[in-house]
Amino acid sequence: MGNRSGFSAQTLAVLAELCATPSQWRHGYGVARDTGLKSGTLYPVLIRLADRGLVDACWEDEQPAGRPRRHLYRLTPEGLAAARAALAQAPSTSRAGARVVGGRRVVPRIAP
Amino acid sequence: MNRLTRVIEALLQWSAGLLPADRRVWVQALWAEADEVPPGWRRLAWLVGGVRLTAREATLPRRFGYPLAFTAAAAVVAWSAWSGPAGDSAIAINRLDVITIAVILAGLPWAIRRARGPVAGGRLARLVRTGGYVAMLALVLAKAAVERVADAPPNNLDGSARAWEGEVVFLAVMVGYAVVILAFTAQRSPAAPVTVAIGTATGAVVGVLAYALGPLGFPLRFTGPWSAGFYDAAIAVGVLLALCAPVAAGWAATRRADRSVPTGSRFWPGAMAGSCTGAAAALVVAVLSTATIALLPYSSGLEHWAAGHIGQWAPVASYGKSVYGYGQAPRHGYVAGNSAFAAGYLIVLLLGPLLGCAFGAWAGRAAGNPGPRLPRRPGDGPPLPGPVPTPETGSSPASRS
Numbered sequence: 002m003g004n005r006s007g008f009s010a011q012t013l014a015v016l017a018e019l020c021a022t023p024s025q026w027r028h029g030y031g032v033a034r035d036t037g038l039k040s041g042t043l044y045p046v047l048i049r050l051a052d053r054g055l056v057d058a059c060w061e062d063e064q065p066a067g068r069p070r071r072h073l074y075r076l077t078p079e080g081l082a083a084a085r086a087a088l089a090q091a092p093s094t095s096r097a098g099a100r101v102v103g104g105r106r107v108v109p110r111i112a113p
Numbered sequence: 219m220n221r222l223t224r225v226i227e228a229l230l231q232w233s234a235g236l237l238p239a240d241r242r243v244w245v246q247a248l249w250a251e252a253d254e255v256p257p258g259w260r261r262l263a264w265l266v267g268g269v270r271l272t273a274r275e276a277t278l279p280r281r282f283g284y285p286l287a288f289t290a291a292a293a294v295v296a297w298s299a300w301s302g303p304a305g306d307s308a309i310a311i312n313r314l315d316v317i318t319i320a321v322i323l324a325g326l327p328w329a330i331r332r333a334r335g336p337v338a339g340g341r342l343a344r345l346v347r348t349g350g351y352v353a354m355l356a357l358v359l360a361k362a363a364v365e366r367v368a369d370a371p372p373n374n375l376d377g378s379a380r381a382w383e384g385e386v387v388f389l390a391v392m393v394g395y396a397v398v399i400l401a402f403t404a405q406r407s408p409a410a411p412v413t414v415a416i417g418t419a420t421g422a423v424v425g426v427l428a429y430a431l432g433p434l435g436f437p438l439r440f441t442g443p444w445s446a447g448f449y450d451a452a453i454a455v456g457v458l459l460a461l462c463a464p465v466a467a468g469w470a471a472t473r474r475a476d477r478s479v480p481t482g483s484r485f486w487p488g489a490m491a492g493s494c495t496g497a498a499a500a501l502v503v504a505v506l507s508t509a510t511i512a513l514l515p516y517s518s519g520l521e522h523w524a525a526g527h528i529g530q531w532a533p534v535a536s537y538g539k540s541v542y543g544y545g546q547a548p549r550h551g552y553v554a555g556n557s558a559f560a561a562g563y564l565i566v567l568l569l570g571p572l573l574g575c576a577f578g579a580w581a582g583r584a585a586g587n588p589g590p591r592l593p594r595r596p597g598d599g600p601p602l603p604g605p606v607p608t609p610e611t612g613s614s615p616a617s618r619s
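Residue numbers (the working numbering), protein chains in the order written: chain A, 2 to 113; chain B, 219 to 619.
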């Protein structure tokens, strides 16, 4: 499922999801729910993106009541640029790839 | 469900400890999110994904799984081959077999790694390498079982020197197979992945077909006119298919690669595919048939069936005397004869890759005109689709991110 951008369909789905609200910190389950990716697929993608400096990751500052602190993610400026380039370069591929993502259709939303 | 979820949670927490610190934080992140996931199957699936993540990040299968599996398989083969009286030359040969094969299969990857690099990425290379190892260990196991019965005193009348000579040849052939399997599945393989895939798959099919037509290593006898005629026709078709298979594999591999290969070298992908076809077919049929022969003394039903279909081979296969296997009741003579046919597979193992290589090379030369030249992929694979190479790992999406 490779494409000209060099990202897999699953990675494109994650990039599209984070690109939709680039200033917001997202948590893993939210991204998984919105992309349809399973945890065993999503987290390796996030790890590789973080390794390449395309995604920032941090823990929540405050300890919320009744649940553990979450690990949060958002695109770095480089990640945002790479995501926009990849999604613009292969929009049809990403939509086609979305069909295999958890059986759910994921249409990339690119924030201006 | 709750109990299973707790077990997986505990497994996830424990397995996170196997990871380096910079990776452990990701598993902790996944675990912290688990409370958000609705309970039941969805939460269980989320946690199972975490266990998969730890296994992948710790590269457990590569670091521990393959060596452990190989050690276990080699131990089983050694245990099986070791049983028998120490003075029996057949048992001594079996012991030499298993020790040498284990050393070869364990040590050769290190040597091939230096020459050809580590195992190629993707599932195909690991599948072929694992399958080849399994087949070679299974062949040693089956061969040891045959020789334990058929070559045990008083049947090893030819003298042990001849048996030792044959053993040296067998081990040399096994070294050759191991080198080919490891080299063809290495990163700097002389053959492209598609060539290996076409050749190996074709050869495996041919091997299974050959086994189906002669599970004891020779043509069967059918008494009924219809069944005999049908079997003769099947044999003719089988021989034709066996001859055509390396040609077809060589042709297909060359057509996949021809635009990237210089005109004068177009025989190469065909030769590689044909070699893979011949080697895979020979290995598959040798393993299956030798294993069937090995089962003969232990299965009265199989023995009865074989006795009814040996036909004109009976005088050759049966010496008219009993065979006394170690710890076994007297067996009919055809077991000893069949051991000779089992040894015949050594010839099949030798000739299979050579004939396949020749047929495949011929098909490669004959396989159409090349198209326009494009940048060449490593090995003899198809041309690159564009200026930016696309990783084709075929396994984890993350590895392509």
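The C-beta atom is built at its ideal place from N, Cα and C for all residues, glycine as well.
- The Cβ of A:Pro69 sits closer than 8 Å to at least one Cβ of chain B.
- Chain-ordered listing is empty here: chain A has no CB closer than 8 Å to the CB of B:Val225, the nearest sitting near 17 Å.
- In the structure shown, the three-state DSSP call for B:Leu236 is coil.
- Counting along the chain, the unbroken beta strand (DSSP E) around A:Trp60 starts and ends at 56-60.
- For A:Pro23, the nearest beta carbon of chain B is not closer than 8 Å to its own beta carbon.
- Only Trp244, Ala247, Leu248, Ala250, Glu251, Asp253, Glu254, Val255 from the stretch 237-257 of chain B bring a Cβ to less than 7 Å from some Cβ of chain A.
- A Cβ of chain B is located within less than 8 Å of the beta carbon of A:Pro45.
- A contact between stretches requires three or more CB pairs, one per stretch, nearer than 8 Å, and the stretch 420-432 of chain B meets this requirement with the stretch 499-514 of chain B.
- Of the other Cβ atoms in all chains shown, fewer than 16 fall within 10 Å of the Cβ of B:His522; this residue is therefore exposed.
- In the displayed model, B:Ala263 falls within a helix according to three-state DSSP.
- Note that the stretch 242-262 of chain B does not touch the stretch 291-300 of chain B; fewer than 3 beta-carbon pairs, one per stretch, sit closer than 8 Å.
- Beyond the five residues adjoining it in sequence on each side, B:Val566 comes within less than 8 Å, by CB distance, of Ala500, Val503, Ala504 in the same chain, given in chain order.
- In the same chain as B:Gly350, and ignoring 5 residues on each side of it, the C-beta atoms closer than 6 Å to its own belong to Ile399, in chain order.
- Under the DSSP assignment, B:Tyr449 falls in the alpha helix (DSSP H) whose first and last residues are 443-475.
- In this structure, A:Val56 lies away from A:Val32, with their beta-carbon atoms at least 8 Å apart.
- Counting C-beta pairs with one atom in each stretch, the stretch 577-585 of chain B and the stretch 457-467 of chain B have three or more that are closer than 8 Å, which means they touch.
- Looking from the CA of B:Val393, the closest CA among B:Ala467, B:Gly283, B:Asp315, B:Ala247 belongs to B:Asp315.
- B:Ala287 and B:Ala293 have their C-alpha atoms some 10 Å from each other.
- Listed along chain B are Ala247, Leu248, Glu251, each with a C-beta nearer than 7 Å to that of A:Gly29.
- Across the structure, B:Pro285 and B:Pro256 are spaced so that their CA atoms are roughly 39 Å apart.
- Nearest to B:Ala498 by C-alpha distance, out of B:Met354, B:Ala324, B:Ala525, is B:Met354.
- Here the alpha carbon of B:Arg270 sits roughly 16 Å from the alpha carbon of B:Pro238.
- Contact check for B:Trp244 against B:Gln231 fails: the beta carbons are separated by 8 Å or more.
- The beta carbon of A:Gly41 falls within 8 Å of a beta carbon belonging to chain B, placing the residue at that interface.
- Distance check between B:Gly496 and each of B:Ala363, B:Ala419, B:Ala296 places B:Ala419 closest, using alpha-carbon atoms only.
- Within the stretch 35-80 of chain A, complete alpha helix (DSSP H) segments of at least 4 residues are found at 40-52, given in chain order.
- Put simply, the CB of B:Arg261 is far from chain A, with every gap to its CB atoms at 8 Å or more.
- Sorting B:Thr508, B:Val266, B:Val225, B:Ala324 by C-alpha distance to the C-alpha of B:Val397 places B:Ala324 at the top.
- The residue among B:Gly488, B:Gly340, B:Gly384 with its C-alpha nearest the C-alpha of B:Gln405 is B:Gly340.
- What B:Trp264 touches in chain A, judged by beta-carbon distance under 7 Å, is Ser40, going in chain order.
- For B:Leu271, a Cβ of chain A is located within less than 8 Å of the residue's own Cβ.
- Per DSSP, reduced to three states, the secondary structure at B:Ala404 is strand.
- In this structure, B:Ala360 is the residue among B:Ala360, B:Leu431, B:Gly283 with its C-alpha nearest to the C-alpha of B:Asn312.
- Within the same chain, and ignoring the five residues on either side of B:Ile309 in sequence, the residues whose Cβ sits closer than 6 Å to its Cβ are Gly302.
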